[in-house]
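Undergrad: Once you've had a glance at the structure underneath, I'll fire off some questions.
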Amino acid sequence: MEDIDLEQQEPFPVDRDGRRLRITEDQPDGQRKLGCCEKFQLSVSKWMLPEDSRSKYLERANCCPPPIFIILISIAELAVFIYYAVWKPQKQWVTLDEGIWKSPLTYKPEQRQEAWRFISYMFVHAGVQHIVGNLVMQLLLGIPLELVHKGFEVGMVYMAGVLAGSLASSIFDPLSALVGASGGVYALIGGYFMNAVVNFREMIPLLGVFRILAIVIFVGTDFGFAFYRRFVSNEDGLNVSFVAHFGGIAAGMTIGYVFFSAYNMKLLKDPRFWLCIVGYVIFVVFAVVFNIFLTPAT
Numbered sequence: 001m002e003d004i005d006l007e008q009q010e011p012f013p014v015d016r017d018g019r020r021l022r023i024t025e026d027q028p029d030g031q032r033k034l035g036c037c038e039k040f041q042l043s044v045s046k047w048m049l050p051e052d053s054r055s056k057y058l059e060r061a062n063c064c065p066p067p068i069f070i071i072l073i074s075i076a077e078l079a080v081f082i083y084y085a086v087w088k089p090q091k092q093w094v095t096l097d098e099g100i101w102k103s104p105l106t107y108k109p110e111q112r113q114e115a116w117r118f119i120s121y122m123f124v125h126a127g128v129q130h131i132v133g134n135l136v137m138q139l140l141l142g143i144p145l146e147l148v149h150k151g152f153e154v155g156m157v158y159m160a161g162v163l164a165g166s167l168a169s170s171i172f173d174p175l176s177a178l179v180g181a182s183g184g185v186y187a188l189i190g191g192y193f194m195n196a197v198v199n200f201r202e203m204i205p206l207l208g209v210f211r212i213l214a215i216v217i218f219v220g221t222d223f224g225f226a227f228y229r230r231f232v233s234n235e236d237g238l239n240v241s242f243v244a245h246f247g248g249i250a251a252g253m254t255i256g257y258v259f260f261s262a263y264n265m266k267l268l269k270d271p272r273f274w275l276c277i278v279g280y281v282i283f284v285v286f287a288v289v290f291n292i293f294l295t296p297a298t
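Be aware that the sequence shown starts at 1, since it is given in full-length UniProt numbering, and climbs by one per residue.
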């Protein structure tokens, strides 16, 4: 039997007290159990990143600071809703009412010269169902996206969707008002959808199919309800636009695609980044010119 040279063998990993550490394959550093935050980060990496990017992400992942942008914007939207629902009581919380209609935050075509309304409409919601749907979806997508990507990137995509939503509505549905954060929410959805499509082969196949189907079903259902509210129910005779959904998802599938489809890339050197930015700027300039000189809303 061949002799074993103990001096040439790798030493057992031990702690400061000389006790041997237990090694498991599912632990990132092979030396300790995963904490709750690390387990959550590991799950997030499987949902958001292709396999070749997960190890780099897990090396840098940290739950501190938390995903601050999406949490703060959600708190602000909820605070505005509570203000109009409690301090300015409505007849009912389910549908748009006069207090919200007269809000200086709501986008209305006859007041489009008040430029802040193209952004501020995201804080005003038409009822409980409206705000709960938006908050749940943006938190479900926004928190994992902000953990993987920077809050600045998630914020850029979200706000690009909000602005694209109001500008698209002012062009394609120029006589309708607009409330809700659907433009920003759909921007996150569009960016996440492109992530799922572009990285489909690098993800777990069943997981990739589930992600794409879930997005398609949700978007199809939500668009169906939006069409119904706009053209069938038309409650209180108020025309509330649904076009922000289209503008938001278009922004997400362009700008969101560049930010979310890859991890840890230098965007300034990526020609796709500049193509999407230039396309977005052209759209914004055209929309501004349309609203000043061509809109039928006078």
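Note that the Cβ used here is the ideal one computed from N, Cα and C, for glycine as well.
Would a C-beta distance cut-off of 9 Å place V124 and I100 closer than the cut-off?
TA: For this step, residue 124 is matched to residue 124 along the sequence shown. For this step, residue 100 is matched to residue 100 along the sequence shown. Against a cut-off of 9 Å, the Cβ pair of I100 and V124 comes out as a contact.
Undergrad: Just the Cα atoms here: how many angstroms apart are A181 and E51?
TA: Locating residue 181 in the sequence shown gives position 181, where the first residue counts as 1. Locating residue 51 in the sequence shown gives position 51, where the first residue counts as 1. When rounded, the distance between both Cα atoms is 32 Å.
Undergrad: Straight-line CA distance for G252 to K102?
TA: Along the sequence shown, one-based indexing puts residue 252 at 252. Along the sequence shown, one-based indexing puts residue 102 at 102. Distance between the alpha carbons of G252 and K102 is about 30 Å.
Undergrad: If you reduce the DSSP assignment to three classes, tell me which class residue 326 lands in.
TA: Because the chain here runs from 1 to 298, residue 326 falls outside it and cannot be looked at.
Undergrad: Answer with buried or exposed for residue 299, where buried requires no fewer than 16 other C-beta atoms within 10 angstroms of its C-beta.
TA: What the structure shows of the chain is the stretch from 1 to 298, and residue 299 is not part of that stretch, so it cannot be assessed.
Undergrad: Does DSSP classify L105 as helix, strand or coil?
TA: Here residue 105 refers to the residue found at position 105 of the sequence shown. Correct three-state label for L105: coil.
Undergrad: Within 10 angstroms of its Cβ, does E153 collect 16 or more other Cβ (buried), or is it exposed?
TA: The sequence position of residue 153 within the sequence shown is 153, counting from 1. So E153 ends up on the buried side.
Undergrad: Going by the beta-carbon positions, is the gap between F260 and H149 smaller than 9 Å?
TA: What you label residue 260 is simply residue 260 of the sequence shown in a count that begins at 1. What you label residue 149 is simply residue 149 of the sequence shown in a count that begins at 1. A contact, by the Cβ cut-off of 9 Å.
Undergrad: Can you tell me whether Q113 is buried or exposed? The criterion is at least 16 other CB atoms within 10 Å of its CB, across all chains shown.
TA: As a working mapping, residue 113 is identified with position 113 in the sequence shown. It is exposed - the Cβ of Q113 has fewer than 16 other Cβ atoms within 10 Å.
Undergrad: Anyone know if the C-beta pair for A250 and G190 falls short of 9 Å?
TA: If you number the sequence shown from 1, residue 250 lands on position 250. If you number the sequence shown from 1, residue 190 lands on position 190. Result yes, Cβ atoms of A250 and G190 sit closer than 9 Å.
Undergrad: For S166, count neighbouring C-beta atoms within 10 Å of its own C-beta (all shown protein chains included) and say buried if the count is 16 or more, exposed if not.
TA: Numbered from 1 along the sequence shown, position 166 holds the residue referred to as residue 166. Result: buried.
Undergrad: Check whether the segment 278 to 295 touches the segment 193 to 203, counting contact only when three or more Cβ pairs, one atom from each stretch, lie closer than 8 Å.
TA: Because the criterion of three Cβ pairs below 8 Å is not met, the segment 278 to 295 and the segment 193 to 203 do not touch.
Undergrad: Reducing DSSP to helix, strand and coil, say where A181 ends up.
TA: To locate residue 181, count along the sequence shown from 1; it is residue 181. Of the three classes helix, strand and coil, the one that applies to A181 here is coil, per DSSP.
Undergrad: Report the rounded CA-to-CA distance for L140 versus A187, giving the unit in angstroms.
TA: Residue 140 sits at position 140 when you count from the first residue of the sequence shown. Residue 187 sits at position 187 when you count from the first residue of the sequence shown. Answer to the nearest angstrom: the Cα atoms are 13 Å apart.
Undergrad: Can you look up N199 in the DSSP assignment and give me helix, strand or coil?
TA: Numbered from 1 along the sequence shown, position 199 holds the residue referred to as residue 199. In this structure, N199 counts as coil in the three-state DSSP scheme.
Undergrad: Nearest to L135 by alpha carbon, out of T254, S170, V278 and G184?
TA: The count along the sequence shown starts at 1 and reaches residue 135 at position 135. Ranking the options by Cα distance to L135, first place goes to G184.
Undergrad: Would you give the residue range spanned by the alpha helix (DSSP H) that F283 belongs to?
TA: Residue numbering aside, residue 283 sits at position 283 when the sequence shown is read from its first letter. First-last of the alpha helix (DSSP H) with F283: P271 to V289.
Undergrad: Give a yes or no on whether the C-beta atoms belonging to Y263 and K46 are separated by under 9 Å.
TA: By 1-based counting over the sequence shown, the position of residue 263 is 263. By 1-based counting over the sequence shown, the position of residue 46 is 46. Cβ atoms of Y263 and K46: not closer than 9 Å.
Undergrad: Taking its Cβ as the centre, do 16 or more other Cβ atoms sit within 10 Å of A79, making it buried, or is it exposed?
TA: Taking the sequence shown and counting its residues from 1, one reaches residue 79 at position 79. Per the 10 Å Cβ criterion, exposed.
Undergrad: Taking the alpha helix (DSSP H) that P144 belongs to, which residues open and close that run?
TA: On the sequence shown, position 144 is the one that residue 144 refers to. That run of the alpha helix (DSSP H) goes V128 to V148.
Undergrad: Assign W116 to one of three DSSP states: helix, strand, or coil.
TA: Here residue 116 refers to the residue found at position 116 of the sequence shown. Three-state result, W116: coil.
Undergrad: Out of A177, D222, I75 and I143, which has the shortest C-alpha to C-alpha gap to L105?
TA: Mapped onto the sequence shown, residue 105 falls at position 105. Nearest of A177, D222, I75 and I143 to L105, Cα basis: A177.
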